[in-house]
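In this note's numbering, the protein residues as written are 2 to 86. Note sheet for the following structure.
This is how it looks when you write it as structure tokens:
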């Protein structure tokens with residue numbers, strides 16, 4: 002049986018861990034920097050963890066698009082979908 006990947010939960014857990022926040026307190030539409038106080042080092046830590054977890058490479062042109070949890074999940078799902086082809 003193949004385990005299904007729950008990208009939303011995985012990324013929420015990663016973000017919560019880096020921000021040292023309860024996952025349920027993080028809004029999927031909250032801006033990482035303005036609303037959650039994320040700095041560039043935290044963002045890099047999250048991106049590196051995502052790349053490692055899913056064995057993907059996030060193109061540099063996408064880095065500026067990682068501003069909310071919803072956007073991050075969408076980008077990661079798109080990359081995973083492209084890699085399956």
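Every residue, glycine too, gets a C-beta built ideally from N, C-alpha and C.
Taking just the CA atoms, how far does residue j sit from residue i?
i, j, result
"residue 33", "residue 86", "31 Å"
"residue 13", "residue 62", "22 Å"
"residue 3", "residue 55", "The pLDDT assigned to residue 3 is 45, lower than 50, so where the model puts this residue is not dependable; a value taken from the coordinates is nonetheless given after this. Residue 3 and residue 55: Cα-Cα distance of roughly 15 Å."
"residue 37", "residue 30", "11 Å"
"residue 23", "residue 57", "26 Å"
"residue 73", "residue 25", "17 Å"
With residue i and residue j assumed to form a contact (beta carbons below 8 Å), what rounded beta-carbon distance in angstroms separates them?
i, j, result
"residue 43", "residue 19", "5 Å"
"residue 17", "residue 27", "6 Å"
Using DSSP with H/G/I as helix, E/B as strand and the rest coil, what is residue i?
i, result
"residue 58", "coil"
"residue 6", "coil"
"residue 84", "helix"
"residue 38", "coil"
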